[in-house]
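Okay, structure first, notes after.
Numbering (the working numbering), first residue to last: 111 to 490.
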């Protein structure tokens, strides 16, 4: 995507984004003329409008995922109830006849089918909750970004108001010195003074509004993170390491890949292998191996965003999906993960292979390339 540019041929604040698609730095940090400040503030207002729409879309996605989870929960509860009713009916028949009957056996078979359906519905509900949690975490990050920018904008509006106050003082002094000038000159100065004071008051009012919205953004971000934690807890996907389990975790990763493909965003999958786990188990027992896995999971989670999925797919293998992230940014994150693990002074090490999303890729394609990259790294 080409960078949009303002009338001066420079990047607008909407283009000052890092590899994660988030606004980077302070667009108002460099000295600017009054006209440049006005243009920057106008660009920021458009940024807020765009972000508000994106966040609103994310809220809608979360709401739809919540509805899907609630529907699946109800479906599984209904299936459980039907299975329980059939079990009871079959038990009643067996009690009357003192031996299993064909009709009772059919009821038991139907009960098993109902329970299998309930299990599938629970998996659907859990996956929906993961999707909802990830979208809420992304929304929280966007809201934090907007809160930071709104605070910066409020400070800029206050500075603009102070500059207008200074201009108003100069115009007031000019009016006082205008005795003997034509009435039209004095009237023009008076109108200019009134307009400048009005603009200063408007700047301060907008600054106050920006700060109120910043506080609201931060409050919503906190709510989003809280609800995301609840969603993940209710999904029951965590194993002893506190990351997502193989089955539903891979389903959620494929959802993230589909989302990245549909929105033309970069996506990188990290394939992480633990070296020396078997030796740790042999020397210190499985408890020591579990401690190593937990430490690895903690190191990964400490260096990724809340909406980057981490999935354990085997005894010593993990996947991590970096959404809206370039390969170079993913490499930096991987280095941070390795540093975080090294600081724990544990026996064992990790190898990480990376695979960037290509058109028409599925999760298994990325896993295969990540595994190959991991293997090449071990040979080098």
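Beta carbons: idealized from backbone N, C-alpha and C, even for Gly. All of these numbers come straight from a predicted model, not from anything done at the bench.
Quick one: is residue 434 buried, meaning 16 or more other Cβ sit within 10 Å of its Cβ, or exposed? Under this definition residue 434 is a buried residue.
If we count the other Cβ atoms within 10 Å of its Cβ and call it buried at 16 or more, is residue 372 buried or exposed? Exposed, by the Cβ-count rule.
Provide the residue span of the alpha helix (DSSP H) that contains residue 365, from first to last. From DSSP, the alpha helix (DSSP H) with residue 365 extends over 356-373.
Beta-carbon spacing of residue 473, residue 383 below 7 Å: Not in contact: residue 473 and residue 383 (Cβ atoms no closer than 7 Å).
If we count the other Cβ atoms within 10 Å of its Cβ and call it buried at 16 or more, is residue 111 buried or exposed? With a pLDDT of 36 at residue 111, under the threshold of 50, the predicted position of this residue should be treated as unreliable, and no value is reported.
Limits of the beta strand (DSSP E) - the one that residue 429 falls within: Looking at the DSSP string, the run of the beta strand (DSSP E) that includes residue 429 is 427-433.
Proximal residues to residue 261 (C-beta, below 7 Å), its chain only, five neighbours per side dropped: Excluding positions up to five away in sequence, the list reads 321, 324.
Quick check: residue 310 and residue 265, are their CB atoms within less than 7 Å of each other? Cβ atoms of residue 310 and residue 265: not closer than 7 Å.
What separation, rounded to the nearest whole angstrom, lies between the Cα atoms of residue 245 and residue 317? Taking the straight line joining both Cα atoms gives about 30 Å.
Name, in chain order, the residues that DSSP records as bridge partners for residue 422. Residue 422 pairs with 428.
Return the first residue and the last residue of the alpha helix (DSSP H) that residue 443 is part of. Residue range 437-452 is occupied by the alpha helix (DSSP H) that includes residue 443.
Does the structure place the segment 241-260 close enough to the segment 357-371 that three or more beta carbon pairs sit under 8 Å? Here the segment 357-371 lies against the segment 241-260, with 3 or more beta-carbon pairs under 8 Å apart.
Under a Cβ-count criterion, where at least 16 other Cβ atoms within 10 Å of its own Cβ denotes burial, should residue 249 be classed as buried or exposed? Here residue 249 is buried: its Cβ has 16 or more other Cβ atoms, across all protein chains shown, within 10 Å.
Would you kindly work out how many angstroms separate the C-alpha atoms of residue 312 and residue 330, rounded to a whole number? Rounded to the nearest angstrom, the two C-alpha atoms are 27 Å apart.
Do residue 361 and the ligand SAM come close, with the Cβ less than 6 Å from some heavy atom? Here there are no bound small molecules, and the ligand SAM is not part of this structure.
Less than 7 Å between the C-beta atoms of residue 467 and residue 381, yes or no? No.
Please work out which residues of its chain come closer than 8 Å, Cβ to Cβ, to residue 253, disregarding the five sequence neighbours upstream and downstream, and give them in chain order. Same-chain partners within the cutoff: 165, 327, 328, 330, 331, 334.
Simplified DSSP assignment, three categories, for residue 467: Coil, per DSSP.
Grab me the residues of residue 314's own chain with a C-beta within less than 8 Å of its C-beta, minus the 5 sequence neighbours each way, in chain order. Only 267, 268, 271 meet the Cβ criterion.
Taking just the CA atoms, how far does residue 476 sit from residue 419? If you draw a straight line from the Cα of residue 419 to the Cα of residue 476, it is about 14 Å long.
Sorted by chain position, which residues of the same chain lie with C-beta nearer than 6 Å to residue 257's C-beta, five sequence neighbours on each side aside? Excluding sequence neighbours, residue 257 sits near 324, 327, 328.
Consider the Cβ of residue 319: report whether some Cβ of chain D lies at a distance smaller than 7 Å. Absent from the structure: chain D. Only one protein chain is present.
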